[in-house]
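Written below as structure tokens is the structure these notes are about.
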Amino acid sequence: GENVEQHPSTLSVQEGDSAVIKCTYSDSASNYFPWYKQELGKRPQLIIDIRSNVGEKKDQRIAVTLNKTAKHFSLHITETQPEDSAVYFCAASIAGANSKLTFGKGITLSVRP
Amino acid sequence: DSGVTQTPKHLITATGQRVTLRCSPRSGDLSVYWYQQSLDQGLQFLIQYYNGEERAKGNILERFSAQQFPDLHSELNLSSLELGDSALYFCASSLGTPGTGELFFGEGSRLTVL
């Protein structure tokens, strides 16, 4: 089955700096890659996703890039703010009726004011 | 508010007991997913239903079972509970199947086994 790994497990940046969170996946058939943000004590929420037919996607201060050859994708957050502090989960799946969305273990991002 | 309702929010029980967690998906969503979140273990996929049918299964223990009812709500049954079953159990729903759109998570049911 699919295996999604995230590195590092924690990341600390200064407010205003950029943060990059990387994920690798194992199943080359995976074609859908979402990122979820979970604030302390809250539920995970989708912040951005990308499909395998696209190499990059942006939404204001966040962007995701996908390298299918290397089987890794990354979340880029620019001009980080304290409210960006949270756990970020990457995930992968094969779009289809019997597929499952496999999450990585999450990365804790801390933005220092 | 995601529109996904989970009950109970908190549950404390003893080892060997059985509990049922309930989930009501967003109106119109046909898929329901159950995930277990333990410390340092991320979101572990348990099981998925689509319109009443089981569609995918993860590393769900034999002591655990689930179903989706005709009104699309779902229940996760955990039996012969062990200390290690203490975790936050999330239900999520989506209109379609994975890869077709966003999963909307409920607030979770926190299970503590003493």
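Residue numbers (my numbering), protein chains in the order written: chain X, 1 to 113; chain L, 1001 to 1114.
Here a beta-carbon is modelled for each residue, glycine too, at the ideal position from N, C-alpha and C.
Exposed or buried, which one is L1114 (chain L) when buried takes at least 16 other CB atoms within 10 Å?
Exposed is the call here.
Write down the C-beta distance between G1058 (chain L) and F1045 (chain L) rounded to the nearest angstrom, noting that I regard them as a contact closer than 8 Å.
Sure, about 4 Å apart at Cβ, within 8 Å.
Whose Cβ in chain X lies nearer than 9 Å to the Cβ of R1055 (chain L)?
In chain order: A97, N98, S99, K100.
Quick one: which unbroken beta strand (DSSP E) runs of 3-plus residues sit fully inside the stretch 1001-1035 of chain L? Chain order, please.
Those beta strand (DSSP E) runs which fall completely within the stretch 1001-1035 of chain L and span 3+ residues are 1005-1007, 1010-1013, 1019-1024.
Starting from P82 (chain X), follow the beta strand (DSSP E) in both directions and report where the run begins and ends.
No beta strand (DSSP E) holds P82 (chain X); DSSP gives it neither H nor E.
Are S1086 (chain L) and R1063 (chain L) touching if we call contact CB-CB under 9 Å?
Cβ distance not < 9 Å, so S1086 (chain L) and R1063 (chain L) don't count as in contact.
When we look at the beta-carbon of V87 (chain X) and count the other beta-carbons within 10 Å, is it buried (16 or more) or exposed?
Burial call: buried.
List, in chain order, every chain L residue whose beta-carbon is nearer than 9 Å to that of P44 (chain X).
Within chain L, the residues near P44 (chain X) are Y1035, Q1037, L1043, F1090, A1092, L1103, F1105.
Assign D59 (chain X) to one of three DSSP states: helix, strand, or coil.
Of the three classes helix, strand and coil, the one that applies to D59 (chain X) here is strand, per DSSP.
I'd like to know if S1086 (chain L) contacts chain X, where contact means its C-beta is closer than 9 Å to some C-beta of that chain.
No - not a single Cβ of chain X is within 9 Å of the one on S1086 (chain L).
Please specify which runs of the beta strand (DSSP E), each continuous and at least 3 residues long, are wholly inside the stretch 1036-1087 of chain L, giving them in chain order.
List check, beta strand (DSSP E) in window: 1043-1050, 1053-1057, 1064-1068, 1074-1078.
Helix, strand or coil, according to DSSP, for I50 (chain X) in the structure here?
I50 (chain X): strand per DSSP, three-state reduction.
With 9 Å set as the bound, which would you pick, yes or no: does the beta-carbon of L73 (chain X) sit closer than that to a beta-carbon of chain L?
As written in the sequence, residue 73 (chain X) is Phe, which differs from the Leu given in the question. No, F73 (chain X) lies away from the interface with chain L (no Cβ there is under 9 Å from its Cβ).
Which chain L residues sit within Cβ distance under 7 Å of G55 (chain X)?
Residues of chain L passing the Cβ test: none, with the nearest at roughly 18 Å.
Assuming S74 (chain X) and K22 (chain X) are in contact, meaning their beta carbons sit under 8 Å apart, how far apart are those beta carbons, in whole angstroms?
At roughly 5 Å, the Cβ-Cβ gap stays under 8 Å, so S74 (chain X) and K22 (chain X) are in contact.
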